[in-house]
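Numbering of the sequence shown is given in the working numbering, commencing with residue 8 and proceeding in unit increments. Have a look at the structure below, then the notes.
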Amino acid sequence: MLSQLLLAILLSCSILSASAASSMTIKLGVVTKPGSAQNIVAEKFKESVEQKSDGAISVKIYHSKSIGTETEILQQIQMNTIQMGIITAGVFDTFDPIVRVINYPFLFKDHAQADAILDGPLGRRILSSLESFGFKGLCFSENGFRNLTNNIRPVHGPRDIKGLKIRVMASALHREIWRALGANPTPMPWPIYTELEQGVIDGQENPLWVMEVYKLYEVQKYLTLTRHVYSPHIDVASLQWWQSLEQSTRDLLHDSMYDAALYQRRDNRGKNDDRLTLLRHKGFSIVENPDYDGLRQAVSNLKEVDLYRRPRVNKLLNEMLQATR
Ligand code: EAX
């Protein structure tokens with residue numbers, strides 16, 4: 008009797024472990040910490056996948072640089088050592104120059120226009136272009152419109168930017184933008200709190216949630232709502248891995264990611280007014296309406312730079328400029 012019971016227990020254990028082996032765990036990387044825009048997408052995605060798959064698929068989120076910088080996460084996705092990531096679009100430009108088209112300065116007027124274009128055929132062309140580089144681009148969530156902070160002086164227009172040492176992402180385009188604006192751009196991977204604190208750099212540029220979540224008000228004095236670049240994330244998977252999945256699994260993952268992206272864009276935008284109030288309260292001196300004409304003028308020749316030289320990149324940039332006019 009006892010041995011029968013033991014046998015039954017052993018059997019059920021082995022059945023359990025067999026079903027566990029046939030289930031799947033997706034490794035998903037983000038560079039930022041809990042509470043960040045990327046993490047909000049990741050957590051929503053995880054919740055929805057685990058629920059829709061009845062637990063057959065689980066998602067393990069690696070955050071806070073635990074598996075490296077955004078560039079390093081992308082390299083691991085290319086190799087399929089991790090399967091997915093929520094990655095700031097700027098960083099993709101070392102992999103596929105076509106991404107420079109969406110990071111073009113002052114391209115999108117507002118959120119509605121960014122959504123219409125990125126969720127439409129032009130956005131899909133950018134996502135499918137990434138396949139040549141080993142990525143399956145699923146959709147876009149957002150970091151948001153980027154704004155300048157610094158420690159030296161209030162910035163009202165290009166004259167005030169002259170000579171500021173500004174940290175930029177690992178993106179040739181972002182470097183060009185800040186050079187054109189008169190700054191001394193310094194590429195550095197995220198996060199950069201210590202470098203700001205120690206004065207290695209004078210400033211940085213990011214959407215408002217970053218100043219709040221990373222407490223940049225502790226180490227920066229001046230904020231200007233430059234809104235110079237709309238910064239999406241690309242929600243991305245390893246192409247090699249994606250191609251190994253059944254269609255029904257791909258659909259489940261794709262739908263879950265798109266829902267998470269829509270949720271996060273709404274969430275992020277809904278919080279911006281309160282963030283501005285909080286940042287002012289925390290001591291930021293804020294310029295809300297800088298000289299936009301002057302800023303635009305300073306970057307108006309960017310279209311001609313080498314970064315857009317390749318015909319397919321150039322063609323898409325022109326289409327994008329047309330579509331956002
Ligand atoms: O969200 O490196 C950057 O500036 C990015 O915006 C980063 O992902 C912070």
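All residues carry an ideal CB built from backbone N, CA and C; glycine is no exception. Please read all numbers here as calculations on a predicted model, not as lab measurements.
Distance between residue 64 and residue 32 (C-alpha atoms, nearest Å) | Walking along the sequence shown from the start, residue 32 turns up at place 25. Walking along the sequence shown from the start, residue 64 turns up at place 57. Across the structure, residue 32 and residue 64 are spaced so that their CA atoms are roughly 6 Å apart.
Runs of beta strand (DSSP E) lying entirely within the stretch 217-269, each at least 3 residues, in chain order | Complete beta strand (DSSP E) runs here, min 3: 229-231, 237-245.
Grab me the residues of residue 230's own chain with a C-beta within less than 8 Å of its C-beta, minus the 5 sequence neighbours each way, in chain order.
-> Residue 230 sits at position 223 when you count from the first residue of the sequence shown. Cβ neighbours of residue 230 beyond the five flanking positions: 154, 155, 156, 218, 286, 291, 292, 293, 294.
Taking Cβ positions, are residue 81 and residue 264 nearer each other than 8 Å?
-> Translated into the one-based positions of the sequence shown, residue 81 becomes position 74. Translated into the one-based positions of the sequence shown, residue 264 becomes position 257. Result no, Cβ atoms of residue 81 and residue 264 do not sit closer than 8 Å.
Mind checking residue 316: buried by the 16 CB within 10 Å criterion, or exposed?
-> As a first step, residue 316 must be located in the sequence shown, where it is residue number 309. Per the 10 Å Cβ criterion, exposed.
Do you know offhand how far residue 116's Cα is from residue 102's?
-> Your numbering for residue 116 matches position 109 in the sequence shown. Your numbering for residue 102 matches position 95 in the sequence shown. Taken atom to atom, the span from the alpha-carbon of residue 116 to that of residue 102 is near 27 Å.
Among all the DSSP beta bridges, which residues are the ones paired with residue 69?
-> Residue 69 sits at position 62 when you count from the first residue of the sequence shown. Residue 69 is bridged by DSSP to 36.
Would DSSP call residue 211 helix, strand or coil?
-> Residue numbering aside, residue 211 sits at position 204 when the sequence shown is read from its first letter. Strand at residue 211.
Length of the line joining the Cα atoms of residue 273 and residue 48 | Numbered from its first residue, the sequence shown carries residue 273 at position 266. Numbered from its first residue, the sequence shown carries residue 48 at position 41. One Cα belongs to residue 273, the other to residue 48, and the distance between them is close to 11 Å.
Return the CA-CA distance between residue 38 and residue 191, expressed in angstroms with no decimal places.
-> To locate residue 38, count along the sequence shown from 1; it is residue 31. To locate residue 191, count along the sequence shown from 1; it is residue 184. Distance between residue 38 and residue 191, taken at the CA atoms: about 25 Å.
Work out the CA separation of residue 262 and residue 22 for me, nearest whole Å.
-> Walking along the sequence shown from the start, residue 22 turns up at place 15. Walking along the sequence shown from the start, residue 262 turns up at place 255. Per-residue confidence for residue 22 stands at a pLDDT of 43, beneath the threshold of 50, marking its modelled position as unreliable; no derived number is given.
What separation, rounded to the nearest whole angstrom, lies between the Cα atoms of residue 328 and residue 62?
-> The count along the sequence shown starts at 1 and reaches residue 328 at position 321. The count along the sequence shown starts at 1 and reaches residue 62 at position 55. For residue 328 and residue 62, the distance between alpha carbons rounds to 44 Å.
Cβ neighbours of residue 140 in the same chain (closer than 6 Å, five flanking residues each side left out) = As a position in the sequence shown, residue 140 is number 133, starting the count at 1. Listed in chain order, the non-local C-beta contacts of residue 140 below 6 Å within the same chain comprise 102, 103, local neighbours out to five positions each way being set aside.
Those runs of the beta strand (DSSP E) which lie wholly inside the stretch 53-132 and span at least 3 residues | Fully enclosed beta strand (DSSP E) runs of 3 or longer: 64-69, 91-95.
Between residue 271 and the rest of its own chain, which residues show a CB-CB distance below 8 Å, the 5 nearest in sequence each way excluded?
-> Within the sequence shown, residue 271 is the residue found at index 264, counting from 1. 44, 47, 48, 51, 148, 149, listed in sequence order.
Any heavy atom of the ligand EAX closer than 7 Å to the Cβ of residue 217?
-> In the sequence shown, residue 217 corresponds to position 210, counting from 1. The closest heavy atom of the ligand EAX lies less than 7 Å from the beta carbon of residue 217.
Tell me whether the beta-carbon of residue 110 lies closer than 8 Å to the beta-carbon of residue 171.
-> By one-based count along the sequence shown, residue 110 stands at place 103. By one-based count along the sequence shown, residue 171 stands at place 164. No Cβ-Cβ contact shorter than 8 Å links residue 110 with residue 171.
Test item: CB-CB of residue 173 and residue 209 under 8 Å = Mapped onto the sequence shown, residue 173 falls at position 166. Mapped onto the sequence shown, residue 209 falls at position 202. Yes, the pair counts as a contact, with Cβ atoms nearer than the cut-off.
When DSSP builds the beta bridges, which residues end up paired with residue 31?
-> Working through the sequence shown from its first residue, we reach residue 31 at position 24. Partner(s): 64.
Candidates 305, 304, 303, 324, of which the one nearest residue 313 by Cα | The count along the sequence shown starts at 1 and reaches residue 313 at position 306. The option with the nearest alpha carbon to residue 313 is 324.
Note the first and the last residue of the continuous beta strand (DSSP E) segment covering residue 312.
-> Walking along the sequence shown from the start, residue 312 turns up at place 305. Premise fails: residue 312 is in no beta strand (DSSP E) and is neither H nor E.
Between residue 330 and the rest of its own chain, which residues show a CB-CB distance below 8 Å, the 5 nearest in sequence each way excluded?
-> Here residue 330 is taken as the residue at index 323 of the sequence shown, counted from 1. Correct list, in chain order: 124, 129.
Considering only residues of the stretch 181-206, which uninterrupted beta strand (DSSP E) runs meet the minimum length of 3 residues and lie entirely inside it, listed in chain order?
-> Within the stretch 181-206, the complete beta strand (DSSP E) runs of at least 3 residues are 191-194.
If you run the structure through DSSP and keep just helix, strand and coil, what is residue 173?
-> Mapped onto the sequence shown, residue 173 falls at position 166. DSSP places residue 173 in strand when its eight states are reduced to three.
For residue 266, which residues of its own chain have a beta-carbon under 7 Å away from its beta-carbon, when the five flanking residues on both sides are left out?
-> The sequence position of residue 266 within the sequence shown is 259, counting from 1. Leaving aside the five residues that flank residue 266 on each side, the residues in its chain whose CB is nearer than 7 Å to its CB run, in chain order, 55.
Distance, residue 35 Cα to residue 138 Cα = As a first step, residue 138 must be located in the sequence shown, where it is residue number 131. As a first step, residue 35 must be located in the sequence shown, where it is residue number 28. Looking at the two C-alpha atoms, the distance is approximately 18 Å.
Under 8 Å by Cβ, that's how I've got residue 121 and residue 309 pegged, so tell me the actual separation to the nearest angstrom.
-> Against the sequence shown, residue 121 aligns to sequence position 114. Against the sequence shown, residue 309 aligns to sequence position 302. In this structure residue 121 does not touch residue 309 by the C-beta definition: roughly 19 Å separates them, more than the 8 Å allowed.
Would you check whether the ligand EAX has a heavy atom nearer than 7 Å to the C-beta of residue 150?
-> Residue 150 sits at position 143 when you count from the first residue of the sequence shown. Yes, since a heavy atom of the ligand EAX falls inside the 7 Å radius drawn around the Cβ of residue 150.
DSSP on residue 277, reduced to helix/strand/coil?
-> Taking the first residue of the sequence shown as 1, we reach residue 277 at position 270. Taken through DSSP and simplified to helix, strand or coil, residue 277 comes out as helix.
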